[in-house]
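A.B. asks: Following this message is one structure expressed as structure tokens.
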């Protein structure tokens, strides 16, 4: 019944939102379009009323860090934090008062790798770190798996970065899950066996004190290493693998049916 | 040289901070102590100058959601977002201009489980979900591993929640890593074999359409399941396990040497 003029007025009061498949809407605020916090607050309130009438449930607001002055208004309106990355904050709100929310959980785990690189002489690639609690012990190269990075790729990358060696992924030998490792988050640590493709070590200087090939028995026999039940178990697995008495998981490329997204499945083939 | 009065003045200008082992400081802002954003901005600026003189590197501010009005001041001072949970936002800043920052990465992965529960008649526990893209297919019970929860515990919990069955963890059969699964985060999905301790199903109503025991060959033969390369591989592994032709990873409780924190290592024993 409204005139075009009225329709435009209504449009101006409502935040632009994208609908998702779960009855929710997402507002992607743009840093190029700065907004006064009072105006944002009014628009947000009007928008929620509108979305409520439309039967919407979850409301997501992705707020670039450049619009940090709008966080407070969203929180005052009942939004809470879902997650944040360096450049943005994701806020979320649940409209239906009668239904408990089904907002998916935030990422809960950090993922790391340890690389077991064995040469043809039965020697293992070991490093001494410059910083942290393990200085003085010869240990396997380790590192953090980046968001979007495959575990098998991360292991090869870390060895290259720390020691200059080119390697290829052979097998995943074991993994450890631990909790409260940083800021209350959990941690998964995967031991990957790699095959060296060259043998001359060029160590990285800023984090690595020293790097070398070491007889695996010498590595496994280090007293300090054996003080940790975990390190001892990992060393035992590495020795068993060297003696061909251990089978881990291989990495098989696979796809899922719906999206045909590529991923790896790790299993005993 | 200053009097006590001057010392108190200085104290009032500096935010209370805890030192960490990496040359950084953490400010835990308290929701019970609200603060004007201008005052906070001034104190933050003064504090950073002070910490710079002391040679501090990383600065962390944990800001409860009740203090959302202080986010903007921290961002204006050069802080960026590290991570957020429902109740707080963690901001971070790096003081030394000449050294690249070594701030640890945020959690990057969500972790899920699929439960392979096999009874003595060679039947597998399957469910039909009410929502999502898999309605109509009989599938293994699945769920998300909570922050701080062990994978083996999460599998037992999810089966109990979805079907009422009590089970115990037997073996981890395989896992899949995929990327960009939600908000750009990565995803790890672990297939766990469980042994049922009772057999009468009482399905959960809000998410589960139906639950039953099904001959494993019938489960693995579903046409829709076989459209997904991943589901097909998992079903094959389950069939091989039923026929005792497959070995996965067992869960061994372990501790690390430094903190004696308990955790599980998953390996082929």
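Protein chains in written order, with this note's numbering: chain W, 1 to 269; chain E, 1001 to 1269. Note that beta-carbon positions come from the ideal geometry of N, C-alpha and C, so glycine has one too.
Compare the C-beta of residue 182 of chain W against all C-beta atoms of chain E and say whether one is closer than 9 Å.
C.D. replies: As a position in the first chain, residue 182 of chain W is number 182, starting the count at 1. Closer than 9 Å to some Cβ of chain E, the Cβ of residue 182 of chain W qualifies, so yes.
A.B. asks: Name the chain E residues whose beta carbon is nearer than 8 Å to that of residue 264 of chain W?
C.D. replies: The count along the first chain starts at 1 and reaches residue 264 of chain W at position 264. Neighbours of residue 264 of chain W on chain E, chain order: 1176 and 1177.
A.B. asks: In chain E, which residues lie with their C-beta within 8 Å of the C-beta of residue 86 of chain W?
C.D. replies: Your numbering for residue 86 of chain W matches position 86 in the first chain. Here the neighbours are 1080, 1081 and 1082.
A.B. asks: Going along the chain, which unbroken runs of the beta strand (DSSP E) with 3 or more residues stay wholly within the segment 1115 to 1170 of chain E?
C.D. replies: Counting whole runs of 3 or more residues, the segment 1115 to 1170 of chain E contains the beta strand (DSSP E) stretches 1123 to 1129 and 1142 to 1144.
A.B. asks: With burial defined as no fewer than 16 other Cβ atoms inside 10 Å of the residue's Cβ, what is the status of residue 1131 of chain E: buried or exposed?
C.D. replies: Working through the second chain from its first residue, we reach residue 1131 of chain E at position 131. Exposed, by the Cβ-count rule.
A.B. asks: Use the C-beta contact count for residue 205 of chain W: other C-beta atoms within 10 angstroms, 16 or more gives buried, fewer gives exposed.
C.D. replies: Taking the first chain and counting its residues from 1, the one referred to as residue 205 of chain W is at position 205. Residue 205 of chain W comes out exposed.
A.B. asks: Let me see if you follow: with CB-CB separation under 9 Å, is residue 41 of chain W close to chain E or not?
C.D. replies: Position 41 of the first chain, counting from 1, holds the residue named residue 41 of chain W. No - not a single Cβ of chain E is within 9 Å of the one on residue 41 of chain W.
A.B. asks: Would you say residue 1268 of chain E faces chain W, with C-beta separation under 9 Å as the test?
C.D. replies: Residue numbering aside, residue 1268 of chain E sits at position 268 when the second chain is read from its first letter. Interface residue, yes.
A.B. asks: Under 8 Å by Cβ, that's how I've got residue 1144 of chain E and residue 107 of chain W pegged, so tell me the actual separation to the nearest angstrom.
C.D. replies: Against the second chain, residue 1144 of chain E aligns to sequence position 144. Against the first chain, residue 107 of chain W aligns to sequence position 107. About 11 Å separates the two Cβ atoms, so there is no contact after all.
A.B. asks: On the DSSP letters alone, give me the boundaries of the alpha helix (DSSP H) that residue 1223 of chain E sits inside.
C.D. replies: Counted from its first residue, the second chain places residue 1223 of chain E at position 223. Segment 1223 to 1226, the alpha helix (DSSP H) holding residue 1223 of chain E.
A.B. asks: When burial is assigned at 16 or more other CB atoms within 10 Å of the CB, is residue 1254 of chain E buried or exposed?
C.D. replies: On the second chain, position 254 is the one that residue 1254 of chain E refers to. Buried.
A.B. asks: Is it true that the segment 14 to 31 of chain W meets the segment 47 to 58 of chain W, where meeting means three or more beta-carbon pairs spaced less than 8 Å apart?
C.D. replies: Contact between the segment 14 to 31 of chain W and the segment 47 to 58 of chain W is present, because at least three Cβ pairs lie under 8 Å.
A.B. asks: With a threshold of 9 Å between beta-carbons, can residue 122 of chain W be considered close to chain E, or not?
C.D. replies: On the first chain, residue 122 of chain W is found 122 positions in, with the first residue counted as 1. No, residue 122 of chain W lies away from the interface with chain E (no Cβ there is under 9 Å from its Cβ).
A.B. asks: Checking the sheet assignment: what are the DSSP bridge partners for residue 196 of chain W?
C.D. replies: Numbered from its first residue, the first chain carries residue 196 of chain W at position 196. W/167, per the DSSP bridge assignment.
A.B. asks: Answer yes or no: does any C-beta atom of chain A fall closer than 9 Å to that of residue 167 of chain W?
C.D. replies: Here the protein chains are W and E, and chain A is not one of them.
A.B. asks: Can you have a look at residue 110 of chain W and say buried or exposed, based on whether 16 or more other CB atoms are within 10 angstroms of its CB?
C.D. replies: Looking up residue 110 of chain W in the first chain gives position 110. Residue 110 of chain W comes out buried.
A.B. asks: Using alpha carbons as the reference points, say which of E/1094, E/1070 and E/1196 lies closest to residue 1060 of chain E.
C.D. replies: Residue mapping note: residue 1060 of chain E aligns to position 60 of the second chain, counting from 1. Closest option to residue 1060 of chain E, Cα to Cα, is E/1094.
A.B. asks: Which residues in the same chain as residue 1272 of chain E place their Cβ atom closer than 8 Å to its Cβ, once the five residues preceding and following it in sequence are excluded?
C.D. replies: In the structure as shown, chain E begins at 1001 and stops at 1269. Residue 1272 of chain E is therefore absent and cannot be evaluated.
A.B. asks: Would you tell me roughly how many angstroms separate the C-alpha atoms of residue 240 of chain W and residue 124 of chain W, rounded to the nearest one?
C.D. replies: Start at 1 with the first residue of the first chain, and residue 240 of chain W comes out as number 240. Start at 1 with the first residue of the first chain, and residue 124 of chain W comes out as number 124. Roughly 13 Å between the two C-alpha positions.
A.B. asks: What does the Cβ neighbour count give for residue 184 of chain W, buried or exposed, with the cut at 16 atoms within 10 Å?
C.D. replies: Within the first chain, the letter at position 184 stands for residue 184 of chain W. The residue in question, residue 184 of chain W, is exposed, as its Cβ has fewer than 16 Cβ neighbours within 10 Å.
A.B. asks: Compute the distance between the beta-carbons of residue 188 of chain W and residue 175 of chain W, then report whether it is under 9 Å.
C.D. replies: One-based indexing of the first chain puts residue 188 of chain W at position 188. One-based indexing of the first chain puts residue 175 of chain W at position 175. Yes, Cβ-Cβ distance for residue 188 of chain W and residue 175 of chain W is below 9 Å.
A.B. asks: Assign residue 1201 of chain E to one of three DSSP states: helix, strand, or coil.
C.D. replies: Translated into positions along the second chain, residue 1201 of chain E becomes position 201. Residue state, collapsed to three classes: coil.
A.B. asks: Just how far apart, CA to CA, sit residue 40 of chain W and residue 210 of chain W?
C.D. replies: Walking along the first chain from the start, residue 40 of chain W turns up at place 40. Walking along the first chain from the start, residue 210 of chain W turns up at place 210. Near 55 Å, if we compare the C-alpha coordinates of residue 210 of chain W and residue 40 of chain W.
A.B. asks: To the nearest angstrom, how far is it from the Cα of residue 1154 of chain E to the Cα of residue 177 of chain W?
C.D. replies: The residue given as residue 1154 of chain E occupies position 154 in the second chain. The residue given as residue 177 of chain W occupies position 177 in the first chain. Straight-line Cα distance between these residues: approximately 12 Å.
A.B. asks: With burial defined as no fewer than 16 other Cβ atoms inside 10 Å of the residue's Cβ, what is the status of residue 69 of chain W: buried or exposed?
C.D. replies: Taking the first residue of the first chain as position 1, residue 69 of chain W is located at position 69. So residue 69 of chain W ends up on the buried side.
A.B. asks: Using CA coordinates, which residue listed in E/1180, E/1146, E/1197 and E/1158 is at the minimum distance from residue 150 of chain W?
C.D. replies: Numbered from 1 along the first chain, position 150 holds the residue referred to as residue 150 of chain W. Closest by alpha carbon: E/1180.
A.B. asks: Mind reading off the beta-carbon distance from residue 1085 of chain E to residue 1043 of chain E? Whole number of angstroms is fine, and I expect it under 8 Å.
C.D. replies: Along the second chain, read from residue 1 onward, the residue named residue 1085 of chain E stands at position 85. Along the second chain, read from residue 1 onward, the residue named residue 1043 of chain E stands at position 43. With a Cβ gap of about 25 Å, residue 1085 of chain E and residue 1043 of chain E do not count as contacting.
A.B. asks: Less than 8 Å between the CB atoms is what I'm expecting for residue 1172 of chain E and residue 1266 of chain E, so what's the real figure, rounded?
C.D. replies: Here residue 1172 of chain E refers to the residue found at position 172 of the second chain. Here residue 1266 of chain E refers to the residue found at position 266 of the second chain. 5 Å between Cβ atoms; contact.
A.B. asks: Under the three-state reduction of DSSP, which class applies to residue 186 of chain W: helix, strand or coil?
C.D. replies: Translated into positions along the first chain, residue 186 of chain W becomes position 186. Strand, per DSSP.
A.B. asks: Say whether chain E places a C-beta atom closer than 9 Å to the C-beta of residue 198 of chain W.
C.D. replies: Taking the first residue of the first chain as position 1, residue 198 of chain W is located at position 198. For residue 198 of chain W, the answer is no, since every Cβ of chain E falls outside 9 Å of its Cβ.
A.B. asks: Could you name the residues of chain W that residue 1106 of chain E contacts, counting a contact when the two beta carbons are closer than 9 Å?
C.D. replies: Working through the second chain from its first residue, we reach residue 1106 of chain E at position 106. Going along chain W in sequence order, the residues near residue 1106 of chain E (Cβ under 9 Å) are 83, 84, 85, 86, 107, 110, 147, 183 and 185.
A.B. asks: Pull up the distance between the alpha-carbon of residue 81 of chain W and that of residue 28 of chain W, whole angstroms please.
C.D. replies: Residue 81 of chain W sits at position 81 when you count from the first residue of the first chain. Residue 28 of chain W sits at position 28 when you count from the first residue of the first chain. Cα to Cα, residue 81 of chain W sits roughly 15 Å from residue 28 of chain W.
A.B. asks: Please list, in chain order, all residues of the same chain as residue 261 of chain W whose beta carbon is under 6 Å from its beta carbon, the five residues on each side excluded.
C.D. replies: Position 261 of the first chain holds residue 261 of chain W. Closer than 6 Å at the Cβ level, and outside the excluded window around residue 261 of chain W, lies no residue.
A.B. asks: For the alpha helix (DSSP H) containing residue 1033 of chain E, list its first residue and its last residue.
C.D. replies: Here residue 1033 of chain E refers to the residue found at position 33 when the second chain is read from its first residue. Per DSSP, residue 1033 of chain E belongs to no alpha helix (DSSP H) and is neither H nor E.
A.B. asks: Could one say the Cβ of residue 1249 of chain E lies closer than 9 Å to chain W's Cβ atoms, at least one of them?
C.D. replies: Mapped onto the second chain, residue 1249 of chain E falls at position 249. Chain W, which has a Cβ nearer than 9 Å to the Cβ of residue 1249 of chain E, makes this yes.
A.B. asks: Nearest chain E C-beta to residue 246 of chain W closer than 9 Å, yes or no?
C.D. replies: Here the question's residue 246 of chain W lines up with position 246 in the first chain. So yes, residue 246 of chain W belongs to the interface.
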